[in-house]
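What follows is one structure encoded as structure tokens, with my remarks underneath.
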């Protein structure tokens, strides 16, 4: 395994163990105590099932080079955030954990993570990934993958990519299919999938600071662009192009059956589309409001516990091993998400599907990682559903949502 040589630890400089221990690589090994997981002579890493096999090799290479023992503990990804916050303050938990970038604000506010020193290697990653792994100007994680939605196009029904939303709709009508385009909505709507249309009206949820971080005091969702987006949503609902009856499962099955040339979705639905015999292309989401249609980006990576007794080794393992092209490529091969490391992404881009999603992700925006984002979701989706279903004046419904969000944040 090739690794980065940015300040690589001298063997034995911080090591007290020379053997590799891969502990708990089973679904049942999701508990830990201070004696088993807060060992200053080793690194304990929480990892999910898909990443465990890849990290075995990285851990073995790190131990061979540095002499530091690495213990991998397999966890249910859905439970990691809660367990990490609960265990770290007590001295339990791992030195390193796999994490989603939008957990970061919660982690920082609870004091359970510490900064990661990327140094010169920060320039080796796609900028959106480093931004996502940063909070209030400080980087807290090493990213390994980027995930976002884009426009999936059935090339037999629509030979060329639409430049605007109106072009997409016209192409869908010209194709003579049941739906001009498909985007999942559902009974409580789906703000995640509708967000690129919202940003095209110049209405992000939060404004940003000079360093690109989100400003929770700047609730831009309620601006004039937000009102225009709400009006547009109502029109799409009235025209029957968006419906709360169109769930994610229905939308993708309709696309697989050739009922529309276009589906707004992520890479997770591409294999089934191809299995259905569809020649697909991945395109940018077309603008409905005149500005760039920017979907959310989700970045996965690894973060270091605030209570680790081996911070130098933890940083070294992340920067020079998780951050190596070999590991980032291997993680891409098991997860199917574009790598965060630019060199690994460029190599993976020989696959046009990966290249397509990666190109959209490079110009997208990170899901807000500030704790205040948790107050947004409860009002956002139900309001969009009400607007699409024409249950009231769209602008009034949107402004009530904005006021409810502001009150919840305060």
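In full-length UniProt numbering, the protein residues as written are 1 to 410. A virtual CB, placed ideally from N, CA and C, is assigned to each residue, including glycine.
Residue 150 and residue 193 have their C-alpha atoms spaced approximately 9 Å apart. The DSSP-derived three-state label of residue 265 is strand.
Positions of the alpha helix (DSSP H) runs, each at least 4 residues long and wholly inside the segment 77-140, are given as 77-87, 104-109 and 127-132 in order along the chain. Per DSSP, the continuous alpha helix (DSSP H) segment holding residue 325 begins and ends at 325-335. A distance below 8 Å separates the beta carbons of residue 115 and residue 140. Burial check for residue 92: the Cβ neighbour count within 10 Å reaches 16 or more, so the residue is buried. Going by C-alpha positions, residue 221 is about 4 Å away from residue 205.
Residue 272: member of the alpha helix (DSSP H) spanning 270-275, first to last residue.
Scanning 235, 254, 106 and 113 for the CA closest to the CA of residue 276 turns up 254. Short of 7 Å from the beta carbon of residue 198, and not among the five residues preceding or following it, lie these beta carbons of its own chain, in chain order: 229. Residue environment: residue 245 is assigned as exposed (fewer than 16 neighbouring CB atoms within 10 Å of its CB, all protein chains considered). For residue 96, the closest alpha carbon among the candidates 110, 82, 381 and 73 is that of 73.
Of 56, 53 and 68, the smallest CA-CA separation from residue 315 is found for 68. Here residue 173 has 180 as same chain residues with Cβ atoms under 6 Å from its own Cβ, once five neighbours each way along the sequence are excluded. With respect to residue 109, residue 371 sits close: the two C-beta atoms are nearer than 8 Å.
For residue 167, the enclosing alpha helix (DSSP H) begins and ends at 165-175. Assignment of residue 376 by DSSP, reduced to helix, strand and coil, places it in the coil class. The three-state secondary structure of residue 241, taken from DSSP, is coil. Taking the Cα of residue 61 as reference, the smallest distance to any Cα among 377, 162 and 318 is reached at 318. Of the candidates 258, 328, 248 and 129, the residue whose Cα lies closest to the Cα of residue 269 is 248. DSSP places residue 69 inside the beta strand (DSSP E), whose first and last residues are 69-74. Listed as beta-bridge partners of residue 154 by DSSP are 280. Per DSSP, residue 42 is one residue of the beta strand (DSSP E) stretching across 42-47.
For residue 146, the secondary structure class from DSSP, reduced to helix, strand or coil, is strand. Here residue 317 carries a helix assignment [DSSP, helix/strand/coil]. Residue 200 is positioned such that its CB atom lies no closer than 8 Å to that of residue 260. Between the alpha carbons of residue 134 and residue 117 lies a gap of roughly 11 Å. Here residue 195 carries a helix assignment [DSSP, helix/strand/coil].
DSSP, read as helix, strand or coil, puts residue 213 in coil. For residue 302, the secondary structure class from DSSP, reduced to helix, strand or coil, is strand.
Take residue 178, set aside five residues on each side of it, and the residues of its chain with a beta-carbon closer than 6 Å to its own are 259, in chain order. For the 8 Å CB-CB criterion, residue 207 and residue 291 do not form a contact. Residues 201, 202 and 203 of the same chain have their beta carbon placed closer than 6 Å to that of residue 225, with the five preceding and five following residues left out of the count. Under the 10 Å beta carbon count, residue 390 is surrounded by fewer than 16 other beta carbons and is classified as exposed. Between the segment 149-165 and the segment 319-334 there are fewer than three C-beta pairs closer than 8 Å, too few to call the two in contact. Straight through space, the alpha carbons of residue 369 and residue 138 are spaced by roughly 13 Å.
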